[in-house]
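J.: First to last, the protein sequences are chains A and B. Following my numbering, the numbering of the first sequence begins with 575 at its first residue and continues without gaps. Following my numbering, the numbering of the second sequence begins with 68 at its first residue and continues without gaps. Positions of the beta carbon are idealized from the N, C-alpha and C atoms, including for glycine. Model, not experiment: these values are computed from the prediction. This is the structure I want to talk about, given as structure tokens.
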Amino acid sequence: MAEIKSHIGTQNKKGQTYTDAWKMMNEAPRNPSFYTGSEVIKEALRRASCDVMIAYPITPQSEAAALIGELFAEGYIGDYFRGESEFAVMSQCAGAAFGGARVFTTTAGPGTMRAMENFPMWAGARLPIQMIVTCRGINSPLSIQPDTIEISYLLNTGMLVWHAETAQDFFDWILKGFMVSEEPEVHLPLALCCDGFFVTHTKDVVNLTPADMCLPPYDPYRSPVPCMDMECPPVRMMRDPFIMKSNYISYATHASWQQEIWAAVERSRKHTIKWINGLIETENTDAEVVIVASGTAVSQGREAIRLLEDEGVRCGLVKVKSLRPWPGEEIREATKNARHIFVPEFNVTGWLAKEIKATIPNSERVHAGPHVCGGMTMPPEIIVSEIKTALGLRSESLAGRGS
Amino acid sequence: MSKERIKISPDLYDIMPSDYQDLVQSATYGKEDRGWKDIGTSKELIEQHSLCAGCPESMAFRYILASLPNPEDTVMVGSTGCTSLVFPMVAVHNIHSLFGNQNAIASGLKRALSVRFPDRVKDVVVLAGDGATVDIGLDMTLQAWFRQEKFTTICFDNELYANTGGQESGLMQKGFVAKMAPVGKLFDKVRLPEIARESGCHYVVNCTVSKPSLVEKVIRNSVLIAREIGPTYIQLYTPCILEIGKNSMEGLQEMRDSEKPTERFAYKEYISEPAKQLLAELAAKDKERKAAAKQLAGKA
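Given below as structure tokens:
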């Protein structure tokens, strides 16, 4: 086994200093920069000590994936190539992670769906790969527009799933995500999601950590399962392969391993809370009306709250940052005073509202909406109208929605 | 990996399984001239397996594992099928993840090992069935070759889906009646060795596993060429005696019958120019080494 030593304070070949991750993220000076979301992904990766990145074009993540290629050409990434499809890319990511590399990739919409068979395999093999999901529509007829429905398919894969609202979330969570994912007691992949275009293609001021600091390298020998590099004894893994065996030992083995994956998701809770400062953020949760949302629906919710305040309606806000681990206890607490809970979402099925309904008492308080989908924007006025209608207040009629 | 790494603490020696004790004492990790002739006098890198009695695949596994030039630094990648019943009993690190993605896994793996161990040799060898290689995984098989990924792909060609009970596969012969080919297979056996050559493989061999010395040479060449130059492809006939209605002792004869000059597994080989040059260099070095050893033995 390669010698385990601290790299903190030493320099990589680009002259960046391996820095204690907590200090880098929480104490190092920040530099405000005006960047698109895609550029922010690149800047996060510049500081991530990433060994392997594998790319494939699909809107709206293509720009970020190509920008990371530029980082590779500059020498910041160990290896980089374009795979042949998302299914292949996610398998290539798995191969690199089995071989002990810190691995990063990006995908979106139909690409996420095409690759889906890989995700439970990643979790089951305890591979701490980070995958950016810049959500877009997956429906037919073809759409490339923002839509968050693909997140719902990721929720039961055993992956950690976070939903960023802003480019700043994105920058911080990419780097912090590696720290949570790679904890020996977690060691699971992370799907770091954002709403495509709204975050990837808009510019925002983002406070970056110094470019001459980077994360400590990944140490594959802290993994709870052996790294496949022939640097530790190649013991026979099992006396009989469990596949094909129809007996109690086989069932028990598979059952306990699945339970272990979800126990690892559970164990990620304390690390996630520490690194991203809680699974949710709240404002004014003593109000009778509360909006619970994730992603850019949170931003639209904030605007709606401002409009409602002008009309004398006080409304609280819950921003859900992590979907796996699921902040059940936090949401129960934050909504305990609410008589009406609104869940605005950028998808047609309302998966977040369903999760919340399954979590809190008196779930009839949950108004699953408003929903937009297929690339529609969500003007705050729609949220205001939904809330006022539910409260029995007179609401201006909105174009296309009747009165 | 150094052989030191698999040594057992004396305090724990007696509680280790006997197959592990054997591995430490007499496996051929690091032996320069390892080959099929070590079988019987050393601990093989395959423990008991759960294949059918007389399955030619088990012979193939034993010869391949005895022939890897560098097993102490080799990682193997498998796929779903009969081979996945064997890999848990193989004493080199190996990966099973999904069905058909083996060449994608190997691409990522080889690159990760190259990033992590830039100054050391780490060989990657894919071993999968014909369904995984040619049907469900063909895209990833070919794309790894197009990209010139430096690893060996070995296909165990039993001309059908054996593990699921004998369904038609792309490498099945035309006209063969099987499950999912109820009136006989309607199209020709896919000519993957030729496709491999056109796709950029530097060493391609199509043969059976009836002769262990031949398997040894082919496997050794394929790994050494992949390490230095680029992708290599070996297609080995390992008939499924169960599904073609043969008895346990008839596998070897089936292979001998199928490798006659006019048959579909007559020995075929393609070697690219750079690969030929490498093999010539290796042969010259080998000759030099043997001559030096002989001289040394003469002096002694």
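Taking C-beta pairs closer than 7 Å, name the residues in chain A that B:Ser-174 reaches, listed in chain order.
T.: As a first step, residue 174 of chain B is located in the second sequence; it is residue number 107 there, counting from the start. The answer, in chain order, is Gln-666 and Gly-669.
J.: Hey, quick one: how far does the beta strand (DSSP E) through B:Leu-303 stretch, first residue to last?
T.: Within the second sequence, the letter at position 236 stands for residue 303 of chain B. It spans 299-304 - the beta strand (DSSP E) in which B:Leu-303 sits, taken as one unbroken run.
J.: Counting only Cβ pairs nearer than 9 Å, list the residues of chain A close to B:Thr-141.
T.: Against the second sequence, residue 141 of chain B aligns to sequence position 74. Residues of chain A passing the Cβ test: Met-804.
J.: Can you list, in chain order, the residues of its chain whose CB lies under 8 Å from that of A:Gly-966, leaving out five sequence neighbours each side?
T.: Stepping through the first sequence from its first residue, residue 966 of chain A is reached at position 392. Contacts found: none.
J.: I need the DSSP call for B:Lys-33, collapsed to helix, strand or coil.
T.: Lying outside 68 to 367, the shown extent of chain B, residue 33 of chain B is not represented and no answer is given.
J.: Mind listing the chain B neighbours of A:Met-695? Cutoff is C-beta to C-beta under 8 Å, in chain order.
T.: Here residue 695 of chain A is taken as the residue at index 121 of the first sequence, counted from 1. Going along chain B in sequence order, the residues near A:Met-695 (Cβ under 8 Å) are Ser-164 and Leu-165.
J.: With a CB to CB cut of under 6 Å and the five nearest residues on each side skipped, what residues in its chain are close to A:Thr-856?
T.: To locate residue 856 of chain A, count along the first sequence from 1; it is residue 282. Val-892 and Ala-908, listed in sequence order.
J.: Using only the alpha-carbon positions, how far apart do B:Ala-359 and B:Ser-280 sit?
T.: Taking the first residue of the second sequence as 1, we reach residue 359 of chain B at position 292. Taking the first residue of the second sequence as 1, we reach residue 280 of chain B at position 213. Approximately 24 Å, taken between the alpha carbons.
J.: Using a beta-carbon distance cut-off of less than 8 Å, what residues from the region 628-652 of chain A approach chain B?
T.: Going along the region 628-652 of chain A in chain order, one finds Ile-628 and Gly-652 with a Cβ nearer than 8 Å to chain B.
J.: For A:Asn-911, count neighbouring Cβ atoms within 10 angstroms of its own Cβ and tell me buried if that reaches 16, exposed if not.
T.: The residue labelled residue 911 of chain A in the question sits at position 337 within the first sequence. Burial call: exposed.
J.: Using three-state DSSP, classify B:Leu-118 as helix, strand or coil.
T.: In the second sequence, residue 118 of chain B corresponds to position 51, counting from 1. DSSP places B:Leu-118 in coil when its eight states are reduced to three.
J.: Pull up the distance between the alpha-carbon of B:Thr-275 and that of B:Ser-325, whole angstroms please.
T.: Translated into the one-based positions of the second sequence, residue 275 of chain B becomes position 208. Translated into the one-based positions of the second sequence, residue 325 of chain B becomes position 258. Those two C-alpha atoms are separated by around 8 Å.
J.: Expressed to the nearest angstrom, what Euclidean distance is found between the alpha-carbon atoms of B:Arg-294 and B:Ala-211?
T.: In the second sequence, residue 294 of chain B corresponds to position 227, counting from 1. In the second sequence, residue 211 of chain B corresponds to position 144, counting from 1. Whole-angstrom Cα-Cα distance: 14 Å.
J.: Please tell me whether A:Gly-643 and A:Cys-801 are closer than 8 Å, where the distance is taken between their beta carbons.
T.: Residue 643 of chain A sits at position 69 when you count from the first residue of the first sequence. Residue 801 of chain A sits at position 227 when you count from the first residue of the first sequence. No, the pair does not count as a contact, with Cβ atoms beyond the cut-off.
J.: Of all the options A:Glu-658, A:His-737 and A:Leu-619, which has the alpha carbon lying nearest to the alpha carbon of B:Ala-171?
T.: To locate residue 171 of chain B, count along the second sequence from 1; it is residue 104. Closest option to B:Ala-171, Cα to Cα, is A:Glu-658.
J.: Alpha carbon to alpha carbon, what distance is there between A:Ala-942 and A:Gly-924?
T.: Numbered from its first residue, the first sequence carries residue 924 of chain A at position 350. Numbered from its first residue, the first sequence carries residue 942 of chain A at position 368. Those two C-alpha atoms are separated by around 6 Å.
J.: Rounded to whole angstroms, what's the CA-CA distance from A:Gly-890 to B:Phe-218? Just pull it up for me.
T.: The residue labelled residue 890 of chain A in the question sits at position 316 within the first sequence. The residue labelled residue 218 of chain B in the question sits at position 151 within the second sequence. About 58 Å.
J.: Between A:Arg-568 and A:Val-839, how many whole angstroms is the CB-CB distance? I'm expecting something under 8 Å.
T.: No answer is possible for residue 568 of chain A: it lies beyond the span of chain A, which begins at 575 and ends at 977.
J.: Taking the beta strand (DSSP E) that A:Gln-704 belongs to, which residues open and close that run?
T.: Residue 704 of chain A sits at position 130 when you count from the first residue of the first sequence. Per DSSP, A:Gln-704 belongs to the beta strand (DSSP E) from 704-709.
J.: Just list the residues that DSSP pairs B:Pro-260 with in beta bridges.
T.: Taking the second sequence and counting its residues from 1, the one referred to as residue 260 of chain B is at position 193. DSSP lists no partner for B:Pro-260.
J.: Output yes if chain A places a C-beta closer than 8 Å to the C-beta of B:Arg-323; else output no.
T.: Your numbering for residue 323 of chain B matches position 256 in the second sequence. For B:Arg-323, the answer is no, since every Cβ of chain A falls outside 8 Å of its Cβ.
J.: Which chain B residues sit within Cβ distance under 7 Å of A:Gly-674?
T.: As a first step, residue 674 of chain A must be located in the first sequence, where it is residue number 100. Simply Ala-179 and Arg-183.
J.: Short of 8 Å in beta carbon distance, which residues of its chain neighbour B:Ile-162, apart from the five on each side in sequence? Order them along the chain.
T.: What you label residue 162 of chain B is simply residue 95 of the second sequence in a count that begins at 1. Within the same chain, B:Ile-162 has close Cβ partners Val-142, Met-143, Val-144, Gly-145, Ile-172 and Leu-176.
J.: I'd like to know if B:Asp-81 contacts chain A, where contact means its C-beta is closer than 8 Å to some C-beta of that chain.
T.: Looking up residue 81 of chain B in the second sequence gives position 14. By this cut-off, B:Asp-81 is not an interface position.
J.: Quick check on DSSP: helix, strand or coil for B:Lys-335?
T.: As a working note, residue 335 of chain B is residue 268 in the second sequence. Strand, per DSSP.
J.: Under 8 Å, with one C-beta from each stretch per pair, do the region 763-776 of chain A and the region 729-740 of chain A reach the 3-pair mark?
T.: Yes, they touch.
J.: Between B:Asn-225 and chain A, is the shortest Cβ-Cβ distance under 8 Å, so that the two count as touching?
T.: In the second sequence, the residue the question calls residue 225 of chain B occupies position 158. So, not an interface residue.
J.: When you compare the CB of A:Ser-659 with every CB in chain B, is at least one pair closer than 8 Å?
T.: Taking the first sequence and counting its residues from 1, the one referred to as residue 659 of chain A is at position 85. Yes, A:Ser-659 lies at the interface with chain B (some Cβ there is under 8 Å from its Cβ).
J.: According to DSSP, simplified to helix, strand and coil, what is B:Glu-216?
T.: Sequence index remark: in the second sequence, residue 216 of chain B carries index 149 (1-based). Three-state DSSP puts B:Glu-216 in coil, outside helix and strand.
J.: Quick one: what's got a C-beta closer than 8 Å to A:Ala-576's C-beta in the same chain, skipping five residues either side?
T.: As a working mapping, residue 576 of chain A is identified with position 2 in the first sequence. Residue placement at A:Ala-576 is flagged as unreliable, the pLDDT there being 46, under the threshold of 50; a coordinate-derived value is accordingly withheld.
J.: Please decide whether A:Glu-756 counts as near chain B, where near means a Cβ-Cβ distance under 8 Å.
T.: On the first sequence, residue 756 of chain A is found 182 positions in, with the first residue counted as 1. Chain B contact via Cβ: absent.
J.: Under 7 Å Cβ to Cβ from B:Ile-73, same chain only, skipping five residues before and after it: list those, please.
T.: Counted from its first residue, the second sequence places residue 73 of chain B at position 6. Result list for B:Ile-73: Leu-90 and Val-91, in chain order.
J.: Starting from A:His-845, follow the alpha helix (DSSP H) in both directions and report where the run begins and ends.
T.: Counted from its first residue, the first sequence places residue 845 of chain A at position 271. A:His-845 -> alpha helix (DSSP H) spans 822-849.
J.: Check the Cβ-Cβ distances between B:Ile-203 and every residue of chain A, and say whether any is below 8 Å.
T.: Walking along the second sequence from the start, residue 203 of chain B turns up at place 136. Judged by the 8 Å Cβ criterion, B:Ile-203 is not in contact with chain A.
J.: Looking only at its chain, what residues have a beta carbon closer than 7 Å to the beta carbon of B:Ile-292, apart from the 5 residues adjacent to it on each side?
T.: The residue you call residue 292 of chain B lines up with position 225 of the second sequence. For B:Ile-292, where only same-chain residues beyond five positions count, the Cβ hits under 7 Å are His-269, Tyr-270, Thr-299, Ala-342 and Leu-345.
J.: What ranges does the beta strand (DSSP E) occupy inside the region 872-944 of chain A, keeping only unbroken runs of at least 3 residues that lie completely in it?
T.: DSSP runs (the beta strand (DSSP E)) wholly in the region 872-944 of chain A: 889-894, 896-898 and 914-916.
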